[in-house]
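Worksheet: one structure, shown below.
Chains as they are written, first to last, in my numbering: chain A, 56 to 294; chain B, 56 to 294.
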């Protein structure tokens with residue numbers, strides 16, 4: 056199924072849109088698309104959806120400039136906080152973000168940080184933006200680990216999204232997720248080789264001055280750095 | 056393929072979400088879902104996406120009350136106006152809405168009133184709302200005529216959207232479009248038999264006090280009423 060999310064043996068060129076959250080995965084992806092793939096013009100698109108903090112978006116803006124994108128658009132999807140309040144702990148007003156140790160095993164198929172239908176919403180808005188910008192390739196940082204927690208980070212999900220977008224008769228879109236097959240530690244290695252400044256990325260779900268070190272994404276990030284045999288350049292309140 | 060968008064020979068009950076624009080199709084659909092299908096609780100969801108006027112949403116609110124819905128949510132998706140400005144004439148700041156007579160034949164495969172990827176965006180947001188509300192059926196007023204103009208109003212489009220949403224392991228969603236096989240004149244007949252007050256629906260793309268009578272949707276609406284052998288209860292500036 057690999058051919059469905061990475062395009063093998065095909066020359067690709069021209070512009071593209073990259074979904075950029077400001078975390079490690081999408082930041083590495085952005086620099087991969089501009090430096091390794093040499094795509095141009097590259098537009099980055101980020102989403103404000105009522106996250107508990109602005110750090111992620113500040114990092115996204117910094118990385119977009121560092122990568123020399125032609126345009127960085129932040130889309131106000133703050134309606135998501137109101138819309139899905141009962142369904143998630145990731146947005147303002149939702150329940151408290153739990154420590155990973157407190158999450159019961161059986162809940163991991165839809166973890167407490169899951170936002171209902173988030174990736175379909177973000178990809179559909181990014182596709183609209185790409186269409187209006189006359190760009191036809193979307194790059195999206197879904198990666199293997201997320202598969203275990205989120206139904207909307209799998210190869211099958213991506214394939215079905217592409218089936219929808221290919222039907223656009225005037226402006227067919229294609230979503231690619233070249234990190235899909237990689238572990239987070241491998242993404243760190245890839246980013247390091249691209250010169251990514253990981254001090255300017257943000258992962259923590261909580262809104263502190265420092266990353267907390269105990270929420271699910273902090274734990275995941277710390278584990279990945281350990282597996283990569285390198286030291287995370289950001290500081291943590293606790294770990 | 057009919058079974059893909061209308062569910063035949065299957066008992067359905069319980070709650071549902073209806074996408075409600077305030078036009079004739081989605082209004083008829085709402086009353087069909089509450090009265091004919093007897094679904095409850097019904098939530099209606101409407102979208103503010105920078106339409107040129109508020110008339111459509113006022114009609115949606117009136118119809119939601121008339122149908123006795125448990126909740127009517129208007130989602131602020133006004134980012135769409137900014138995001139897709141170059142791509143459409145339907146939102147504020149876009150180019151002028153043309154008269155149907157001025158649209159060249161070859162342009163009809165993607166008409167000037169097309170909003171990039173609109174229906175995928177609206178359905179994905181409606182699905183998130185349904186998931187957060189613990190409802191699993193979405194009703195959507197796509198109908199046959201739109202097929203000719205919009206790639207995102209076809210049975211194949213809907214089937215592919217359902218393939219995406221069925222993958223949600225905890226909260227699988229299903230979109231149904233029971234009007235898909237009907238002509239607009241048949242929808243008028245259906246609505247009339249349900250007692251729908253069509254004076255409280257709005258179709259015109261322009262923002263005048265009265266419907267203009269000459270834009271593509273006004274022409275389509277007037278033709279449908281003529282085919283139904285009935286008189287449209289709204290007044291027009293010109294026709």
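Where is the CB? At the ideal position from N, CA and C, for every residue including glycine.
{"query": "Measure the alpha-carbon distance for residue 240/A versus residue 272/A and round it to whole angstroms.", "result": "14 Å"}
{"query": "Considering only residues of the same chain and omitting the five flanking positions on each side of residue 72/B, which have a CB-CB separation below 8 Å?", "result": "97, 98, 99, 100, 181, 184, 185, 188, 190, 192, 193, 194"}
{"query": "Using only the alpha-carbon positions, how far apart do residue 80/A and residue 263/A sit?", "result": "21 Å"}
{"query": "Between residue 92/B and residue 221/A, what straight-line distance do the alpha-carbon atoms span, to the nearest angstrom?", "result": "34 Å"}
{"query": "Return helix, strand or coil for residue 248/B, following the three-state DSSP convention.", "result": "helix"}
{"query": "Out of curiosity, what's the CA-to-CA distance linking residue 275/A and residue 174/A?", "result": "20 Å"}
{"query": "Residue 136/A by DSSP, collapsed to three states: which one?", "result": "helix"}
{"query": "Should residue 236/B be labelled buried (16 or more other beta-carbon atoms within 10 Å of its own) or exposed?", "result": "exposed"}
{"query": "Relative to the alpha-carbon of residue 75/A, which residue among 258/A, 227/A, 228/A has its alpha-carbon at the smallest distance?", "result": "258/A"}
{"query": "Taking only three categories from DSSP, how would you classify residue 225/B?", "result": "coil"}
{"query": "DSSP on residue 198/A, reduced to helix/strand/coil?", "result": "coil"}
{"query": "For residue 192/A, which beta-bridge partners are listed by DSSP?", "result": "229/A"}
{"query": "Following the continuous alpha helix (DSSP H) through residue 370/A, name the residue where it begins and the one where it ends.", "result": "No statement about residue 370/A is possible, as the shown extent of chain A runs from 56 to 294 and does not include it."}
{"query": "Answer with buried or exposed for residue 286/A, where buried requires no fewer than 16 other C-beta atoms within 10 angstroms of its C-beta.", "result": "exposed"}
{"query": "Give the DSSP-derived three-state secondary structure of residue 180/B in the structure shown.", "result": "helix"}
{"query": "Quick one: give me the first and last residue of the beta strand (DSSP E) that residue 86/A is part of.", "result": "First-last for residue 86/A: 79-86, but that is the alpha helix (DSSP H), not the beta strand (DSSP E)."}
{"query": "Residues in its own chain within less than 6 Å of residue 122/A by CB, not counting five upstream and five downstream?", "result": "85, 86, 89"}
{"query": "Is residue 5/A buried or exposed, if buried means 16 or more other CB atoms sit within 10 Å of its CB?", "result": "Since the displayed chain A opens at 56 and closes at 294, residue 5/A lies outside it and no answer follows."}
{"query": "For residue 218/A and residue 215/B, which I take to be in contact (beta-carbon distance under 8 Å), what is that distance rounded to the nearest angstrom?", "result": "5 Å"}
{"query": "Just to confirm, are residue 102/B and residue 178/B a CB contact at a threshold of 8 Å?", "result": "no"}
{"query": "Taking Cβ to Cβ, would you say residue 113/A is nearer than 8 Å to residue 78/A?", "result": "no"}
{"query": "What did DSSP end up calling residue 95/B once you bin it into helix, strand or coil?", "result": "coil"}
{"query": "In whole angstroms, what separates the C-alpha of residue 129/A from that of residue 115/A?", "result": "9 Å"}
{"query": "Nearest to residue 83/B by alpha carbon, out of 265/B, 234/B, 132/B?", "result": "234/B"}
{"query": "What does DSSP give as the partner residue(s) for residue 102/B in the beta ladder?", "result": "130/B"}
{"query": "Could you tell me the distance, in whole angstroms, from the CA atom of residue 290/A to the CA atom of residue 266/A?", "result": "7 Å"}
{"query": "Taking any Cβ of chain A, which residues in the stretch 169-199 of chain B have a Cβ under 7 Å from it, in chain order?", "result": "171, 172, 175, 176, 179, 180, 182, 183, 184, 186, 187"}
{"query": "Residue 213/B and residue 197/B: beta carbons closer than 8 Å?", "result": "yes"}
{"query": "Cutting at 7 Å between CB atoms, please list the residues of its own chain near residue 125/B, excluding the five before and the five after it.", "result": "96, 97, 98"}
{"query": "Under 8 Å, Cβ to Cβ, is there at least one residue of chain B near residue 112/A?", "result": "no"}
{"query": "Closest Cβ-Cβ distance between residue 222/B and chain A: below 8 Å?", "result": "yes"}
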